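For this note's numbering, add 7 to where a residue sits in the sequence shown, where the first one is 1.
For each residue, glycine too, the CB sits at the ideal point set by N, CA and C.
Just so we're clear, the structure is a prediction, and the values are computed from it rather than from any experiment.
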Amino acid sequence: MTLLAVGINYNTAPVAIRERLAFPTEMLDNTLKNLWNLREISEAAILSTCNRTEFYYQADSDNQSSLVNWIADTKQIKPADFTPYLYSYKDSQSIRHMFRVACGLDSMILGEPQILGQMKTAYHAASQAGTLGRNLSKLFQHTFSAAKKVRTDTAIGSSPVSVAFAAVQLAQQIFDKLSEQTALLIGAGETIELTARHLYQHGIGRIIIANRTYDKAHALAMQFNGYAINLAELPNHLAEADIVVSSTASQLPILGKGRVESAIKIRKHKPMFMVDLAVPRDIEAEVAQLRDVYLYTVDDLQNTVNQNMDSRRRAAEQAEEIIDTQVEHFMAWLRSQGAQETIRDFRTQAEQTRDEALQRALAQLNSGAAADEVLQRLAHTLTNKLIHTPCAQLREAGANERHDLIAASREIFKLR
(Lines of atoms letter the chains of each structure in order from A; the text may use other names.)
(Lines give C-alpha, C1' and ligand atoms only; values in the text may rest on other atoms or scores of the structure.)
Protein backbone atom coordinates (compact mmCIF):
# COMPACT_ATOMS: atom_id res chain seq x y z
CA MET A 8 0.00 0.00 0.00
CA THR A 9 1.10 3.56 -0.73
CA LEU A 10 0.53 6.76 1.30
CA LEU A 11 -0.21 9.74 -0.92
CA ALA A 12 -0.78 13.48 -0.54
CA VAL A 13 -2.28 15.18 -3.59
CA GLY A 14 -3.55 18.74 -3.80
CA ILE A 15 -3.41 22.36 -4.86
CA ASN A 16 -2.48 25.46 -2.86
CA TYR A 17 -1.99 29.21 -3.14
CA ASN A 18 1.41 28.64 -4.79
CA THR A 19 0.23 26.30 -7.53
CA ALA A 20 -3.32 27.40 -8.34
CA PRO A 21 -5.17 30.73 -8.74
CA VAL A 22 -8.14 31.46 -6.51
CA ALA A 23 -10.56 30.65 -9.36
CA ILE A 24 -9.34 27.03 -9.32
CA ARG A 25 -9.05 26.80 -5.53
CA GLU A 26 -12.68 27.92 -5.23
CA ARG A 27 -13.88 25.17 -7.55
CA LEU A 28 -11.99 22.46 -5.68
CA ALA A 29 -12.98 23.57 -2.17
CA PHE A 30 -15.04 21.23 0.05
CA PRO A 31 -17.27 22.90 2.71
CA THR A 32 -16.90 21.37 6.17
CA GLU A 33 -20.61 20.53 6.40
CA MET A 34 -20.34 18.38 3.24
CA LEU A 35 -17.15 16.52 4.19
CA ASP A 36 -18.90 13.48 5.69
CA ASN A 37 -20.63 12.36 2.46
CA THR A 38 -17.73 13.52 0.33
CA LEU A 39 -15.24 11.41 2.28
CA LYS A 40 -17.46 8.35 2.15
CA ASN A 41 -17.80 8.68 -1.62
CA LEU A 42 -14.04 9.01 -2.00
CA TRP A 43 -13.42 6.05 0.30
CA ASN A 44 -15.76 3.91 -1.81
CA LEU A 45 -13.25 4.00 -4.66
CA ARG A 46 -11.89 0.46 -4.99
CA GLU A 47 -8.23 1.56 -4.97
CA ILE A 48 -8.48 3.67 -1.79
CA SER A 49 -8.45 2.09 1.69
CA GLU A 50 -8.06 5.23 3.86
CA ALA A 51 -8.78 8.91 3.12
CA ALA A 52 -8.97 12.44 4.56
CA ILE A 53 -9.50 15.87 2.99
CA LEU A 54 -8.01 19.19 4.12
CA SER A 55 -9.83 22.14 2.56
CA THR A 56 -9.08 25.80 3.38
CA CYS A 57 -9.15 29.07 1.44
CA ASN A 58 -5.49 28.53 0.54
CA ARG A 59 -5.40 24.78 -0.20
CA THR A 60 -7.31 21.58 -0.87
CA GLU A 61 -5.37 18.40 -0.19
CA PHE A 62 -6.24 14.71 -0.24
CA TYR A 63 -4.39 12.37 2.10
CA TYR A 64 -5.04 8.73 1.32
CA GLN A 65 -3.71 5.19 1.21
CA ALA A 66 -4.07 3.32 -2.06
CA ASP A 67 -2.86 0.12 -3.65
CA SER A 68 -0.62 2.09 -6.06
CA ASP A 69 0.56 5.64 -6.75
CA ASN A 70 -1.65 5.92 -9.84
CA GLN A 71 -3.78 9.03 -9.32
CA SER A 72 -6.20 8.58 -12.22
CA SER A 73 -9.04 7.35 -9.98
CA LEU A 74 -8.71 10.38 -7.69
CA VAL A 75 -8.52 12.80 -10.63
CA ASN A 76 -11.64 11.30 -12.23
CA TRP A 77 -13.45 11.37 -8.89
CA ILE A 78 -12.61 15.07 -8.38
CA ALA A 79 -13.75 15.84 -11.94
CA ASP A 80 -17.08 14.02 -11.42
CA THR A 81 -17.68 15.43 -7.92
CA LYS A 82 -16.89 19.03 -8.83
CA GLN A 83 -18.17 18.93 -12.42
CA ILE A 84 -14.85 20.16 -13.76
CA LYS A 85 -12.73 18.81 -16.61
CA PRO A 86 -9.48 17.10 -15.52
CA ALA A 87 -7.52 19.31 -17.92
CA ASP A 88 -8.79 22.39 -16.04
CA PHE A 89 -7.16 21.43 -12.71
CA THR A 90 -4.53 18.72 -13.21
CA PRO A 91 -1.81 21.22 -14.29
CA TYR A 92 -2.08 22.75 -10.81
CA LEU A 93 -1.86 19.49 -8.84
CA TYR A 94 1.17 18.39 -6.83
CA SER A 95 1.61 14.94 -5.34
CA TYR A 96 3.83 13.28 -2.75
CA LYS A 97 4.37 9.60 -2.04
CA ASP A 98 5.20 7.71 1.17
CA SER A 99 7.99 9.50 3.10
CA GLN A 100 7.52 12.68 1.05
CA SER A 101 3.77 12.72 1.74
CA ILE A 102 4.53 12.30 5.46
CA ARG A 103 7.02 15.17 5.34
CA HIS A 104 4.50 17.34 3.47
CA MET A 105 1.79 16.77 6.10
CA PHE A 106 4.24 17.64 8.88
CA ARG A 107 5.33 20.83 7.08
CA VAL A 108 1.73 21.90 6.44
CA ALA A 109 0.72 21.37 10.08
CA CYS A 110 3.75 23.35 11.29
CA GLY A 111 2.91 26.32 9.04
CA LEU A 112 6.08 25.87 6.95
CA ASP A 113 4.00 25.62 3.76
CA SER A 114 1.68 28.51 4.60
CA MET A 115 1.36 31.92 2.96
CA ILE A 116 2.38 33.44 6.31
CA LEU A 117 5.33 31.39 7.55
CA GLY A 118 4.56 29.67 10.83
CA GLU A 119 0.89 30.72 11.07
CA PRO A 120 -0.92 28.61 13.68
CA GLN A 121 -4.43 28.40 12.18
CA ILE A 122 -3.50 25.59 9.78
CA LEU A 123 -2.94 23.15 12.65
CA GLY A 124 -6.55 23.65 13.79
CA GLN A 125 -7.71 23.15 10.21
CA MET A 126 -5.66 19.95 10.01
CA LYS A 127 -7.36 18.72 13.20
CA THR A 128 -10.75 19.50 11.65
CA ALA A 129 -9.80 17.35 8.64
CA TYR A 130 -8.81 14.52 10.97
CA HIS A 131 -12.04 14.67 13.01
CA ALA A 132 -14.17 14.80 9.85
CA ALA A 133 -12.46 11.69 8.43
CA SER A 134 -12.67 9.93 11.79
CA GLN A 135 -16.41 10.60 12.02
CA ALA A 136 -16.94 9.51 8.42
CA GLY A 137 -15.11 6.25 9.17
CA THR A 138 -12.57 6.70 6.36
CA LEU A 139 -9.45 6.47 8.53
CA GLY A 140 -7.56 3.24 9.09
CA ARG A 141 -4.59 2.34 11.24
CA ASN A 142 -1.90 4.01 9.12
CA LEU A 143 -3.54 7.35 8.29
CA SER A 144 -4.95 7.70 11.79
CA LYS A 145 -1.48 7.13 13.25
CA LEU A 146 -0.01 9.59 10.73
CA PHE A 147 -2.39 12.35 11.83
CA GLN A 148 -1.53 11.76 15.49
CA HIS A 149 2.17 11.86 14.68
CA THR A 150 1.59 15.02 12.61
CA PHE A 151 0.02 16.77 15.60
CA SER A 152 2.91 15.66 17.84
CA ALA A 153 5.48 16.93 15.33
CA ALA A 154 3.70 20.31 15.09
CA LYS A 155 3.58 20.59 18.88
CA LYS A 156 7.30 19.81 19.12
CA VAL A 157 8.13 22.46 16.49
CA ARG A 158 6.00 25.05 18.36
CA THR A 159 7.64 24.12 21.66
CA ASP A 160 11.26 23.81 20.53
CA THR A 161 11.47 26.72 18.05
CA ALA A 162 10.34 30.36 17.84
CA ILE A 163 8.35 29.71 14.65
CA GLY A 164 5.17 31.33 16.01
CA SER A 165 6.43 33.64 18.72
CA SER A 166 6.85 36.82 16.66
CA PRO A 167 4.00 38.68 14.89
CA VAL A 168 4.38 38.84 11.12
CA SER A 169 1.40 41.00 10.20
CA VAL A 170 1.11 44.69 10.95
CA ALA A 171 -2.28 44.04 12.55
CA PHE A 172 -0.84 41.50 14.99
CA ALA A 173 2.21 43.72 15.61
CA ALA A 174 -0.13 46.59 16.51
CA VAL A 175 -2.02 44.44 19.02
CA GLN A 176 1.19 43.13 20.55
CA LEU A 177 2.42 46.70 20.96
CA ALA A 178 -0.87 47.63 22.63
CA GLN A 179 -0.33 44.80 25.11
CA GLN A 180 3.04 46.30 26.02
CA ILE A 181 1.51 49.73 26.65
CA PHE A 182 -1.60 48.61 28.55
CA ASP A 183 -1.42 46.10 31.38
CA LYS A 184 -4.94 44.77 30.80
CA LEU A 185 -6.58 44.92 27.38
CA SER A 186 -9.79 43.77 29.07
CA GLU A 187 -10.10 47.24 30.60
CA GLN A 188 -9.50 49.15 27.34
CA THR A 189 -11.70 50.40 24.49
CA ALA A 190 -10.46 50.07 20.90
CA LEU A 191 -11.69 52.34 18.13
CA LEU A 192 -11.04 50.86 14.68
CA ILE A 193 -11.45 53.12 11.66
CA GLY A 194 -12.22 51.34 8.39
CA ALA A 195 -13.79 47.96 7.60
CA GLY A 196 -11.28 46.31 5.28
CA GLU A 197 -9.15 43.20 5.71
CA THR A 198 -6.52 44.88 7.91
CA ILE A 199 -9.11 46.26 10.33
CA GLU A 200 -10.93 42.92 10.41
CA LEU A 201 -7.65 41.16 11.26
CA THR A 202 -6.90 43.77 13.95
CA ALA A 203 -10.38 43.31 15.43
CA ARG A 204 -9.93 39.55 15.44
CA HIS A 205 -6.57 39.76 17.25
CA LEU A 206 -7.93 42.25 19.80
CA TYR A 207 -10.99 40.08 20.42
CA GLN A 208 -8.85 36.96 20.87
CA HIS A 209 -6.66 38.85 23.37
CA GLY A 210 -9.67 39.87 25.45
CA ILE A 211 -10.18 43.54 24.54
CA GLY A 212 -12.83 45.15 26.72
CA ARG A 213 -14.79 46.96 24.00
CA ILE A 214 -14.57 47.49 20.22
CA ILE A 215 -15.99 50.42 18.26
CA ILE A 216 -15.79 50.25 14.46
CA ALA A 217 -16.17 53.42 12.40
CA ASN A 218 -16.63 53.41 8.64
CA ARG A 219 -18.12 55.61 5.90
CA THR A 220 -20.57 52.79 5.13
CA TYR A 221 -22.42 52.02 8.34
CA ASP A 222 -23.65 48.61 7.14
CA LYS A 223 -20.07 47.39 6.63
CA ALA A 224 -19.07 48.65 10.05
CA HIS A 225 -22.10 46.98 11.62
CA ALA A 226 -21.47 43.63 9.88
CA LEU A 227 -17.88 43.60 11.12
CA ALA A 228 -18.74 44.79 14.63
CA MET A 229 -21.32 42.00 15.01
CA GLN A 230 -18.56 39.38 14.67
CA PHE A 231 -16.73 40.70 17.72
CA ASN A 232 -19.55 41.95 19.95
CA GLY A 233 -18.63 45.48 18.91
CA TYR A 234 -20.43 48.77 18.28
CA ALA A 235 -20.65 50.42 14.86
CA ILE A 236 -20.68 54.14 14.02
CA ASN A 237 -20.46 56.34 10.93
CA LEU A 238 -17.28 58.33 10.35
CA ALA A 239 -19.31 61.48 10.98
CA GLU A 240 -19.83 60.29 14.58
CA LEU A 241 -16.08 59.90 15.17
CA PRO A 242 -15.62 63.15 17.16
CA ASN A 243 -18.30 62.03 19.63
CA HIS A 244 -16.53 58.73 20.42
CA LEU A 245 -12.82 59.49 20.03
CA ALA A 246 -12.35 60.33 23.72
CA GLU A 247 -13.67 56.87 24.67
CA ALA A 248 -10.80 55.18 22.84
CA ASP A 249 -7.67 53.96 24.59
CA ILE A 250 -6.53 52.32 21.36
CA VAL A 251 -7.10 53.76 17.89
CA VAL A 252 -6.21 51.81 14.75
CA SER A 253 -6.98 53.33 11.38
CA SER A 254 -6.73 51.81 7.91
CA THR A 255 -8.90 53.44 5.22
CA ALA A 256 -8.50 54.41 1.57
CA SER A 257 -9.04 58.11 2.30
CA GLN A 258 -6.84 60.53 0.37
CA LEU A 259 -7.01 63.08 3.21
CA PRO A 260 -6.32 62.68 6.96
CA ILE A 261 -9.34 61.62 9.01
CA LEU A 262 -7.92 62.66 12.39
CA GLY A 263 -6.11 65.96 12.82
CA LYS A 264 -4.05 67.29 15.71
CA GLY A 265 -6.83 69.53 17.00
CA ARG A 266 -9.45 66.79 17.17
CA VAL A 267 -7.10 64.40 18.98
CA GLU A 268 -5.99 67.17 21.36
CA SER A 269 -9.64 67.82 22.29
CA ALA A 270 -10.16 64.12 22.96
CA ILE A 271 -7.08 63.99 25.20
CA LYS A 272 -8.42 66.88 27.28
CA ILE A 273 -11.77 65.11 27.71
CA ARG A 274 -9.82 62.01 28.77
CA LYS A 275 -7.97 64.13 31.36
CA HIS A 276 -4.70 63.20 29.67
CA LYS A 277 -5.20 59.46 30.03
CA PRO A 278 -2.74 57.93 27.44
CA MET A 279 -4.00 57.09 23.97
CA PHE A 280 -2.25 54.54 21.72
CA MET A 281 -2.73 55.27 17.99
CA VAL A 282 -1.69 53.20 14.98
CA ASP A 283 -2.00 54.55 11.45
CA LEU A 284 -1.83 51.65 8.98
CA ALA A 285 -3.06 53.68 6.01
CA VAL A 286 -1.14 55.01 3.00
CA PRO A 287 -1.76 57.94 2.54
CA ARG A 288 -1.92 58.47 6.30
CA ASP A 289 -5.25 58.75 8.12
CA ILE A 290 -3.77 60.54 11.15
CA GLU A 291 -1.85 63.81 10.79
CA ALA A 292 1.85 63.42 11.61
CA GLU A 293 1.62 66.38 14.03
CA VAL A 294 -0.50 64.24 16.37
CA ALA A 295 2.74 62.57 17.46
CA GLN A 296 3.77 65.88 19.08
CA LEU A 297 0.95 65.63 21.64
CA ARG A 298 1.74 64.50 25.14
CA ASP A 299 -0.03 61.33 26.25
CA VAL A 300 -0.35 60.14 22.63
CA TYR A 301 1.70 57.23 21.30
CA LEU A 302 1.44 57.33 17.51
CA TYR A 303 2.90 54.62 15.27
CA THR A 304 2.78 54.42 11.48
CA VAL A 305 2.76 51.40 9.17
CA ASP A 306 6.50 51.92 8.58
CA ASP A 307 7.23 51.65 12.30
CA LEU A 308 5.41 48.34 12.50
CA GLN A 309 6.73 47.04 9.17
CA ASN A 310 10.28 47.20 10.51
CA THR A 311 9.16 45.00 13.40
CA VAL A 312 7.41 42.61 11.03
CA ASN A 313 10.51 42.32 8.82
CA GLN A 314 12.70 41.53 11.83
CA ASN A 315 10.18 38.97 13.00
CA MET A 316 10.06 37.34 9.57
CA ASP A 317 13.84 36.90 9.72
CA SER A 318 13.39 35.31 13.14
CA ARG A 319 10.73 32.94 11.78
CA ARG A 320 12.94 31.95 8.85
CA ARG A 321 15.71 30.98 11.24
CA ALA A 322 13.20 29.04 13.32
CA ALA A 323 11.93 27.34 10.15
CA GLU A 324 15.42 25.93 9.53
CA GLN A 325 15.33 24.38 12.99
CA ALA A 326 11.81 23.11 12.32
CA GLU A 327 12.94 21.33 9.15
CA GLU A 328 15.55 19.43 11.18
CA ILE A 329 12.90 18.38 13.69
CA ILE A 330 10.65 17.26 10.85
CA ASP A 331 13.45 15.15 9.32
CA THR A 332 13.73 13.25 12.60
CA GLN A 333 9.97 12.89 12.99
CA VAL A 334 9.58 11.56 9.44
CA GLU A 335 12.19 8.88 10.14
CA HIS A 336 10.38 7.94 13.39
CA PHE A 337 7.09 7.49 11.56
CA MET A 338 8.70 5.57 8.70
CA ALA A 339 10.25 3.22 11.26
CA TRP A 340 6.79 2.66 12.77
CA LEU A 341 5.34 2.08 9.30
CA ARG A 342 8.04 -0.45 8.43
CA SER A 343 7.41 -2.27 11.69
CA GLN A 344 3.78 -2.82 10.69
CA GLY A 345 4.95 -5.24 8.01
CA ALA A 346 6.02 -7.64 10.77
CA GLN A 347 2.73 -7.46 12.67
CA GLU A 348 0.95 -10.10 10.61
CA THR A 349 3.90 -12.48 10.97
CA ILE A 350 3.98 -11.88 14.73
CA ARG A 351 0.24 -12.57 14.99
CA ASP A 352 0.56 -15.79 12.98
CA PHE A 353 3.55 -16.94 15.06
CA ARG A 354 1.70 -16.25 18.31
CA THR A 355 -1.44 -18.04 17.06
CA GLN A 356 0.63 -21.08 16.08
CA ALA A 357 2.40 -21.15 19.48
CA GLU A 358 -0.90 -20.81 21.36
CA GLN A 359 -2.41 -23.65 19.33
CA THR A 360 0.58 -25.88 20.15
CA ARG A 361 0.28 -24.94 23.83
CA ASP A 362 -3.45 -25.70 23.94
CA GLU A 363 -3.00 -29.12 22.33
CA ALA A 364 -0.23 -30.08 24.78
CA LEU A 365 -2.23 -28.74 27.73
CA GLN A 366 -5.34 -30.75 26.77
CA ARG A 367 -3.30 -33.96 26.63
CA ALA A 368 -1.73 -33.19 30.03
CA LEU A 369 -5.15 -32.54 31.58
CA ALA A 370 -6.47 -35.81 30.15
CA GLN A 371 -3.52 -37.68 31.67
CA LEU A 372 -4.16 -36.06 35.07
CA ASN A 373 -7.86 -37.02 34.88
CA SER A 374 -6.90 -40.62 34.12
CA GLY A 375 -4.85 -40.77 37.34
CA ALA A 376 -1.27 -40.14 36.11
CA ALA A 377 1.16 -38.66 38.64
CA ALA A 378 1.22 -34.85 38.52
CA ASP A 379 5.03 -34.49 38.48
CA GLU A 380 5.33 -36.96 35.59
CA VAL A 381 2.61 -35.12 33.63
CA LEU A 382 4.29 -31.75 34.18
CA GLN A 383 7.70 -33.07 33.07
CA ARG A 384 6.14 -34.63 29.97
CA LEU A 385 4.23 -31.38 29.23
CA ALA A 386 7.40 -29.27 29.47
CA HIS A 387 9.35 -31.73 27.29
CA THR A 388 6.59 -32.01 24.66
CA LEU A 389 5.94 -28.26 24.54
CA THR A 390 9.63 -27.44 24.14
CA ASN A 391 10.07 -30.00 21.34
CA LYS A 392 6.99 -28.81 19.45
CA LEU A 393 7.92 -25.11 19.72
CA ILE A 394 11.50 -25.56 18.50
CA HIS A 395 10.92 -28.36 15.98
CA THR A 396 10.02 -26.22 12.95
CA PRO A 397 12.71 -23.52 13.55
CA CYS A 398 15.38 -26.24 14.00
CA ALA A 399 14.28 -28.02 10.82
CA GLN A 400 14.41 -24.73 8.89
CA LEU A 401 17.88 -23.92 10.28
CA ARG A 402 19.20 -27.38 9.26
CA GLU A 403 17.84 -26.81 5.76
CA ALA A 404 19.39 -23.28 5.70
CA GLY A 405 22.75 -24.79 6.65
CA ALA A 406 22.50 -27.43 3.92
CA ASN A 407 21.72 -24.69 1.37
CA GLU A 408 24.43 -22.36 2.72
CA ARG A 409 21.84 -19.74 3.70
CA HIS A 410 24.21 -18.05 6.15
CA ASP A 411 22.05 -14.89 6.11
CA LEU A 412 19.11 -16.87 7.49
CA ILE A 413 21.27 -18.46 10.19
CA ALA A 414 22.66 -15.04 11.20
CA ALA A 415 19.14 -13.56 11.28
CA SER A 416 17.97 -16.45 13.49
CA ARG A 417 20.76 -15.82 15.97
CA GLU A 418 19.68 -12.17 16.12
CA ILE A 419 15.96 -12.98 16.42
CA PHE A 420 16.47 -15.54 19.22
CA LYS A 421 19.27 -13.48 20.84
CA LEU A 422 21.70 -16.44 20.86
CA ARG A 423 25.19 -15.75 22.19
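Per-residue DSSP class, three states only, for residue i
{"i": "LYS127", "result": "helix"}
{"i": "SER95", "result": "strand"}
{"i": "ASN315", "result": "helix"}
{"i": "GLU119", "result": "coil"}
{"i": "GLY265", "result": "helix"}
{"i": "ASN232", "result": "coil"}
{"i": "PHE30", "result": "coil"}
{"i": "ALA162", "result": "coil"}
{"i": "ALA190", "result": "strand"}
{"i": "THR19", "result": "coil"}
{"i": "LEU422", "result": "coil"}
{"i": "ALA136", "result": "helix"}
{"i": "PHE147", "result": "helix"}
{"i": "ASP36", "result": "helix"}
{"i": "SER254", "result": "coil"}
{"i": "LEU177", "result": "helix"}
{"i": "MET8", "result": "coil"}
{"i": "ASP283", "result": "strand"}
{"i": "LEU297", "result": "coil"}
{"i": "VAL13", "result": "strand"}
Residue closest to residue i, alpha-carbon to alpha-carbon, out of the options
{"i": "LEU297", "options": "LYS264, LYS184 and ARG274", "result": "LYS264"}
{"i": "GLN325", "options": "ILE163, SER49 and VAL108", "result": "ILE163"}
{"i": "LEU112", "options": "LEU259, ARG158, ARG204 and ARG423", "result": "ARG158"}
{"i": "SER68", "options": "LEU10, GLN180, LEU389 and LEU308", "result": "LEU10"}
{"i": "THR32", "options": "ARG213, TRP43, THR60 and PRO21", "result": "THR60"}
{"i": "ARG367", "options": "THR355, HIS387 and ARG351", "result": "HIS387"}
{"i": "VAL13", "options": "ASN70, ASN41 and ASP36", "result": "ASN70"}
{"i": "ASN310", "options": "TYR64, ALA173, GLY124 and GLU293", "result": "ALA173"}
{"i": "LYS155", "options": "ALA136, MET126, GLY140 and SER134", "result": "MET126"}
{"i": "PRO21", "options": "GLN179, SER257, ASP88 and GLY196", "result": "ASP88"}
{"i": "PHE337", "options": "HIS395, PHE147, TYR234 and GLN83", "result": "PHE147"}
{"i": "LEU143", "options": "ALA322, ALA357, ALA415 and TYR63", "result": "TYR63"}
{"i": "SER101", "options": "VAL251, SER254, LYS421 and ILE330", "result": "ILE330"}
{"i": "VAL286", "options": "LYS85, ALA132 and GLY194", "result": "GLY194"}
{"i": "GLY196", "options": "LEU245, GLY212, GLN179 and VAL252", "result": "VAL252"}
{"i": "PRO120", "options": "GLY140, THR81, TRP77 and VAL168", "result": "VAL168"}
{"i": "PHE420", "options": "GLY345, LYS82, ARG409 and PRO397", "result": "PRO397"}
{"i": "VAL381", "options": "LEU389, THR390 and GLN371", "result": "GLN371"}
{"i": "TYR96", "options": "ARG321, GLN65, ILE24 and ILE122", "result": "GLN65"}
{"i": "ILE48", "options": "ILE214, ALA377, ALA246 and GLY140", "result": "GLY140"}
{"i": "MET105", "options": "ALA52, THR360, THR81 and HIS410", "result": "ALA52"}
{"i": "GLU293", "options": "PRO86, ASP307 and GLU268", "result": "GLU268"}
{"i": "LEU393", "options": "HIS410, ARG354, ASP379 and ARG409", "result": "ARG354"}
7 angstroms Cβ cutoff met for residue i and residue j
{"i": "LEU93", "j": "SER73", "result": "no"}
{"i": "THR198", "j": "LEU302", "result": "no"}
{"i": "ASN18", "j": "ASN58", "result": "no"}
{"i": "ILE261", "j": "ASP289", "result": "yes"}
{"i": "LEU201", "j": "ALA248", "result": "no"}
{"i": "VAL2", "j": "VAL108", "result": "Absent from the model: residue 2. The displayed extent of the chain is 8 to 423, so no value can be given."}
{"i": "VAL300", "j": "MET279", "result": "yes"}
{"i": "VAL334", "j": "SER99", "result": "yes"}
{"i": "ALA129", "j": "LEU54", "result": "yes"}
{"i": "ALA424", "j": "ASN218", "result": "In this structure the chain extends from 8 to 423, so residue 424 is not present and cannot be described."}
{"i": "LEU385", "j": "ALA406", "result": "no"}
{"i": "HIS209", "j": "LEU185", "result": "yes"}
{"i": "GLN188", "j": "PHE182", "result": "yes"}
{"i": "TYR221", "j": "ASN232", "result": "no"}
{"i": "ALA136", "j": "LYS40", "result": "yes"}
{"i": "ARG321", "j": "GLY118", "result": "no"}
{"i": "ILE122", "j": "SER134", "result": "no"}
{"i": "ALA399", "j": "ILE413", "result": "no"}
{"i": "ILE211", "j": "ALA246", "result": "no"}
Residue i burial status per 10 Å Cβ neighbour count (16 or more: buried)
{"i": "ILE216", "result": "buried"}
{"i": "TRP340", "result": "exposed"}
{"i": "ASN315", "result": "buried"}
{"i": "HIS205", "result": "buried"}
{"i": "LEU259", "result": "exposed"}
{"i": "THR90", "result": "exposed"}
{"i": "MET229", "result": "exposed"}
{"i": "GLN347", "result": "exposed"}
{"i": "MET281", "result": "buried"}
{"i": "GLU418", "result": "exposed"}
{"i": "GLY103", "result": "The question names Gly, but residue 103 is Arg in the sequence shown. It is buried - the Cβ of ARG103 has at least 16 other Cβ atoms within 10 Å."}
{"i": "ARG166", "result": "For the record, residue 166 in the displayed sequence is Ser; it is not Arg. Answer is buried; the Cβ neighbour count reaches 16."}
{"i": "GLU50", "result": "buried"}
{"i": "LEU422", "result": "exposed"}
task = Starting from the N-terminal side, write out each stretch of the alpha helix (DSSP H) that is 4 residues or longer and does not extend beyond the stretch 341–420.
result = Residue ranges of uninterrupted alpha helix (DSSP H) with 4 or more members, entirely inside the stretch 341–420 and ordered along the chain, are 347–373, 378–406 and 410–419.
task = Would you list, in sequence order, the uninterrupted alpha helix (DSSP H) runs of no fewer than 4 residues that lie entirely inside the stretch 49–102?
result = 72–82 and 86–89
query = In the stretch 204–251, which residue ranges form an unbroken alpha helix (DSSP H) of at least 4 residues, counting only runs that do not cross its ends?
reply = 221–230 and 241–244
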